[in-house]
Amino acid sequence: DQQVKQNSPSLSVQEGRISILNCDYTNSMFDYFLWYKKYPAEGPTFLISISSIKDKNEDGRFTVFLNKSAKHLSLHIVPSQPGDSAVYFCAASRNSGGYQKVTFGTGTKLQVIP
Amino acid sequence: GAVVSQHPSWVICKSGTSVKIECRSLDFQATTMFWYRQFPKQSLMLMATSNEGSKATYEQGVEKDKFLINHASLTLSTLTVTSAHPEDSSFYICSASLILAGHNEQFFGPGTRLTVL
Numbered sequence: 023d024q025q026v027k028q029n030s031p032s033l034s035v036q037e038g039r040i041s042i043l044n045c046d047y048t049n050s051m052f053d054y055f056l057w058y059k060k061y062p063a064e065g066p067t068f069l070i071s072i073s074s075i076k077d078k079n080e081d082g083r084f085t086v087f088l089n090k091s092a093k094h095l096s097l098h099i100v101p102s103q104p105g106d107s108a109v110y111f112c113a114a115s116r117n118s119g120g121y122q123k124v125t126f127g128t129g130t131k132l133q134v135i136p
Numbered sequence: 070g071a072v073v074s075q076h077p078s079w080v081i082c083k084s085g086t087s088v089k090i091e092c093r094s095l096d097f098q099a100t101t102m103f104w105y106r107q108f109p110k111q112s113l114m115l116m117a118t119s120n121e122g123s124k125a126t127y128e129q130g131v132e133k134d135k136f137l138i139n140h141a142s143l144t145l146s147t148l149t150v151t152s153a154h155p156e157d158s159s160f161y162i163c164s165a166s167l168i169l170a171g172h173n174e175q176f177f178g179p180g181t182r183l184t185v186l
């Protein structure tokens, strides 16, 4: 049961344009959502997060949008840069036994073309 | 700050041997650490939650006798893959939990690539 889904396994975008990565979730108990960037053979690096009580969070070139009614979130990167090329994981967390249990999506490989 | 290290970064072993992977929080104390496993082109799957001074909590389908977890201090958790077999070959990633801005954030280690021959 994949509770966090990223339906696009890959995305190619021209440098300077906007990259939009999408994520859907099914568990309404999730209260915090995160995006991670990952290079091959490395651990994920935290990018940006959003609480379920908000619908938008912006940090520099990265903006995350949350639509709770649709159980959908997206990550916008603008302008996209070649260094942004990586696999992006959407993740959702909920409190479980006193800690935040994180569930990851399957990832979207972003390629930014110079 | 909030750096997590893993050792070794990669290991190759023979089938039937045991392998220990260390996860350390370098500049903070972590009561809770997590162990994940990632197969090629797949998501990170949570294997277990490691709590300092107590038994680990394993996710459904993860054999606790196969994957031994010890969280002996606030900065170190170890994962031992016992009697490893080729199907255990995978990328193992740990994370450590730290409260930032009132929220429990997870910081990930660089991962350990295990290949069982």
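Chains as they are written, first to last, in the numbering used here: chain A, 23 to 136; chain B, 70 to 186.
All residues carry an ideal CB built from backbone N, CA and C; glycine is no exception.
None of the values given here were measured: they were computed from a predicted structure.
- prompt: What residues in the stretch 110-137 of chain B bring their beta carbon closer than 9 angstroms to a beta carbon of chain A?
  reply: Lys110, Gln111, Ser112, Leu113, Met114, Leu115, Thr118, Asn120, Thr126
field: Three-state secondary structure (DSSP) of aspartate 53 of chain A
entry: Residue numbering aside, residue 53 of chain A sits at position 31 when the first sequence is read from its first letter. Aspartate 53 of chain A: coil per DSSP, three-state reduction.
query: Which term fits alanine 165 of chain B, buried or exposed, when burial requires 16 or more other beta carbons within 10 angstroms of its beta carbon?
result: Residue 165 of chain B sits at position 96 when you count from the first residue of the second sequence. The residue is buried, with at least 16 neighbouring Cβ atoms inside 10 Å.
field: Simplified DSSP assignment, three categories, for aspartate 106 of chain A
entry: Working through the first sequence from its first residue, we reach residue 106 of chain A at position 84. Collapsing the DSSP output to three states places aspartate 106 of chain A in a helix.
query: When you compare only the Cα positions, how much space is there between proline 109 of chain B and serine 159 of chain B?
result: Start at 1 with the first residue of the second sequence, and residue 109 of chain B comes out as number 40. Start at 1 with the first residue of the second sequence, and residue 159 of chain B comes out as number 90. Their backbone Cα atoms lie some 8 angstroms apart in a straight line.
message: So with CB distances below 9 angstroms, who are the chain B contacts of valine 100 of chain A?
response: Here residue 100 of chain A is taken as the residue at index 78 of the first sequence, counted from 1. What valine 100 of chain A touches in chain B: nothing, since even the nearest Cβ is about 25 angstroms away.
Serine 30 of chain A versus histidine 76 of chain B: straight-line alpha-carbon distance, rounded: Taking the first sequence and counting its residues from 1, one reaches residue 30 of chain A at position 8. Taking the second sequence and counting its residues from 1, one reaches residue 76 of chain B at position 7. Computed Cα separation, rounded: 33 angstroms.
query: Does the beta-carbon of glycine 180 of chain B have 16 or more other beta-carbons within 10 angstroms, so that it is buried, or is it exposed?
result: As a position in the second sequence, residue 180 of chain B is number 111, starting the count at 1. Buried, since its Cβ has 16 or more Cβ neighbours within 10 Å.
CB contact below 8 angstroms: proline 66 of chain A versus chain B: For this step, residue 66 of chain A is matched to residue 44 along the first sequence. Closer than 8 angstroms: yes.
- prompt: Looking at the unbroken beta strand (DSSP E) that takes in isoleucine 81 of chain B, where does it start and where does it end?
  reply: Sequence index remark: in the second sequence, residue 81 of chain B carries index 12 (1-based). It spans 79-82 - the beta strand (DSSP E) in which isoleucine 81 of chain B sits, taken as one unbroken run.
query: If contact means a Cβ-Cβ distance below 9 angstroms, which residues of the stretch 111-125 of chain A contact chain B?
result: Phe111, Ala113, Ser115, Asn117, Ser118, Gly119, Gly120, Tyr121, Gln122, Lys123, Val124, Thr125
task: Classify aspartate 157 of chain B as buried or exposed, calling it buried when 16 or more other Cβ atoms lie within 10 Å of its own Cβ.
output: Reading the second sequence from its first residue, position 88 is the one you call residue 157 of chain B. With 16 or more Cβ atoms within 10 Å of its Cβ, aspartate 157 of chain B is classed as buried.
query: With contact counted as at least three CB pairs below 8 angstroms, one residue from each stretch, are the stretch 145-155 of chain B and the stretch 112-122 of chain A in contact?
result: no
message: When you compare the stretch 59-78 of chain A with the stretch 86-93 of chain A, are there three or more beta-carbon pairs, one atom per stretch, that lie closer than 8 angstroms?
response: yes
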